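In my numbering, the protein residues as written are 16 to 369.
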Ligand code: AOF
Ligand code: ZN
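Okay, structure coming up:
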């Protein structure tokens with residue numbers, strides 16, 4: 016199962032809207048083949064592990080329950096492939112909510128021994144975004160921000176625009192390189208003109224997450240870097256924003272989504288539903304304060320990544336000015352990662368749990 020989990024981890028970010036699954040075929044106590052889910056429309060993990068290998072009498076470890084036929088399916092069902100290959104035993108990590116135990120039942124009915132639950136807690140953490148997406152058709156949302164010890168996101172007047180060091184920046188690029196989307200508000204584009212691409216190790220990743228800019232009034236200039244050709248971009252705006260602005264973004268290849276407005280700007284719940292429909296399973300919201308407050312207040316955040324820099328600014332832009340959050344948010348299962356000189360505190364909000 017360890018080999019299967021590692022294979023699944025390597026496929027993370029490349030399979031949406033499908034889950035990232037790993038499988039390992041074991042004979043006489045040795046791993047003889049490993050497979051992982053291919054990008055959407057391609058073979059599943061089990062099929063990849065079984066290809067070109069004699070699997071008769073062997074044990075197949077798979078992180079997720081093997082699939083069964085359903086309408087609109089793109090690949091042959093794995094449960095049938097496992098039966099046809101003569102696999103004697105299947106060890107499943109967790110059940111697939113989309114399959115609902117039918118895969119395990121189909122295998123058992125064909126005389127295959129099935130065990131469920133090996134590595135379940137680790138696999139549940141790894142597949143959390145997929146499980147969230149399956150349960151709600153919404154992306155799993157990670158709210159990421161960097162703050163000083165006095166809770167400021169920056170102090171432009173004092174020349175402090177950037178808080179964290181190289182290790183924290185690299186950690187962010189690692190996360191960007193597996194999520195399906197990065198979300199920011201127009202304030203962040205205006206203040207920082209970020210490219211919002213995934214550059215782990217300093218080089219652009221071959222697969223880039225889609226960039227999503229929330230700009231209800233059409234404030235971002237059409238020549239902003241986020242609208243460049245390095246990755247796809249979606250702008251969420253109101254029907255009333257200037258037509259000429261929308262046209263000039265359209266000419267740069269930007270997709271425009273016209274959504275309803277609410278008290279804080281674009282209705283983010285509606286935006287997440289629209290992104291879920293486009294197969295966005297996971298998303299990092301990178302700010303700024305307006306977006307974070309609206310997402311948290313709306314109960315739309317699943318996980319928080321707080322990067323804390325060892326600095327006191329004594330002035331500047333507060334992350335959450337008094338009154339922006341209706342109630343306190345406490346992290347569940349918090350984990351502290353030292354990223355010297357900074358610290359990452361991450362945890363779940365408890366809005367949803369698998
Ligand atoms: C598996 N192994 O590696 C994955 C599974 O349209 P299809 O044929 O690609 O099927 C998609 C569904 O298969 C998807 O919704 C999910 O329930 C399951 N994903 N199943 O046995 C895999 N990725
Ligand atoms: Zn399958």
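For each residue, glycine too, the CB sits at the ideal point set by N, CA and C. Note that the structure is a prediction, hence the values are computed from the model and not measured.
Going by C-alpha to C-alpha distance, which of the options sits closest to residue i?
i, options, result
"residue 318", "103, 327 and 344", "344"
"residue 266", "256, 83 and 248", "248"
"residue 158", "354, 334, 353 and 338", "334"
"residue 141", "124, 283 and 22", "22"
"residue 306", "272, 365 and 197", "197"
"residue 133", "43, 52 and 16", "16"
"residue 163", "369, 358 and 363", "358"
"residue 124", "203, 257, 115 and 98", "98"
"residue 69", "59, 41 and 95", "41"
"residue 47", "54, 39 and 245", "39"
"residue 284", "254, 315 and 297", "315"
"residue 257", "275, 230 and 369", "230"
"residue 228", "44, 220 and 246", "246"
"residue 193", "321, 35, 167 and 18", "35"
"residue 10", "303, 84 and 18", "The structure shown does not extend to residue 10, since the chain spans only 16 to 369, so no value can be given for it."
"residue 277", "291, 298 and 310", "310"
"residue 86", "18, 114 and 362", "114"
"residue 360", "368, 279 and 351", "351"
"residue 356", "323, 331 and 207", "323"
"residue 169", "126, 31, 329 and 139", "329"
"residue 263", "287, 254 and 236", "236"
"residue 313", "289, 89, 364 and 332", "364"
So, is residue i buried or exposed, given that buried needs 16 or more other C-beta atoms within 10 angstroms?
i, result
"residue 226", "buried"
"residue 195", "buried"
"residue 151", "exposed"
"residue 259", "exposed"
"residue 282", "buried"
"residue 117", "buried"
"residue 55", "exposed"
"residue 136", "exposed"
"residue 370", "The chain is shown from 16 up to 369; residue 370 falls before or after that span and cannot be answered."
"residue 165", "exposed"
"residue 33", "buried"
"residue 252", "buried"
"residue 72", "exposed"
"residue 161", "buried"
Whole-angstrom Cβ separation of residue i and residue j, contact assumed at under 8 Å?
i, j, result
"residue 185", "residue 215", "7 Å"
"residue 130", "residue 106", "5 Å"
"residue 300", "residue 156", "6 Å"
"residue 25", "residue 222", "Their Cβ separation, rounded to whole angstroms, is 13 Å, which puts residue 25 and residue 222 out of contact at 8 Å."
"residue 111", "residue 82", "7 Å"
"residue 234", "residue 205", "6 Å"
"residue 154", "residue 297", "6 Å"
Would you say the stretch 240-248 touches the stretch 198-214, given that touching needs at least three Cβ pairs under 8 Å?
-> yes
With a cut-off of 8 Å, do at least 3 Cβ pairs link the stretch 174-190 to the stretch 333-347?
-> no
At which residue ranges does the stretch 246-320 contain complete beta strand (DSSP E) runs of 3 or more residues, listed in the order of the chain?
-> 248-252, 270-273 and 297-300
Does the stretch 73-93 come within contact of the stretch 104-124, defined as at least 3 CB pairs closer than 8 Å?
-> yes
The stretch 263-279 / the stretch 160-174 touching (three or more Cβ pairs under 8 Å) = In this structure the stretch 263-279 does not lie against the stretch 160-174, because fewer than three pairs of beta carbons, one per stretch, are closer than 8 Å.
Ordered list of alpha helix (DSSP H) runs contained in the stretch 130-182, each at least 4 residues | 135-141 and 143-151
Segments of 4+ residues assigned as alpha helix (DSSP H) that fall wholly inside the stretch 54-87 = Taking only runs of at least 4 residues, the alpha helix (DSSP H) segments lying wholly in the stretch 54-87 are 60-65.
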